[in-house]
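Trainee:
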Amino acid sequence: MAAAVSLGFSVGTYCVGVLIDAQNILGVMNFLLVSGVLITALALIIIGLRRKHQAAVTTSSPS
């Protein structure tokens, strides 16, 4: 799901960037690269925290 969100964000940002400033396509591509890396890192952090929380809940549940 994180990959789908990242891809959608990247495609949308690319389209808007081309419409706004077609001459500066390298700036748009650099922005996509940075934003894609940040979104991926955030998604991995969230997934890791959810797994850690799920493991803590599973191991501490009463019998």
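Counting in the numbering used here, the sequence shown runs from 3 upward without gaps.
Idealized CB from N, CA, C, for every residue including glycine.
Could you give the distance in angstroms between the alpha-carbon of Leu35 and the alpha-carbon of Ala58?
Mentor: Position 33 of the sequence shown, counted from the first residue, corresponds to residue 35. Position 56 of the sequence shown, counted from the first residue, corresponds to residue 58. Those two C-alpha atoms are separated by around 35 Å.
Trainee: Relative to the C-alpha of Gly19, which candidate in Val7, His55, Phe33 and Ala6 has its C-alpha closest?
Mentor: Walking along the sequence shown from the start, residue 19 turns up at place 17. That would be Phe33, whose Cα lies nearest to the Cα of Gly19.
Trainee: Suppose you measure from the CA of Ile27 to the CA of Ser12; what does that come to, to the nearest Å?
Mentor: For the purposes of this step, residue 27 is identified with residue 25 of the sequence shown, where counting begins at 1. For the purposes of this step, residue 12 is identified with residue 10 of the sequence shown, where counting begins at 1. Computed Cα separation, rounded: 13 Å.
Trainee: What is the residue span of the alpha helix (DSSP H) that Gln25 lies within?
Mentor: In the sequence shown, counting from the first residue as 1, residue 25 sits at position 23. Run containing Gln25: none; DSSP gives neither H nor E here.
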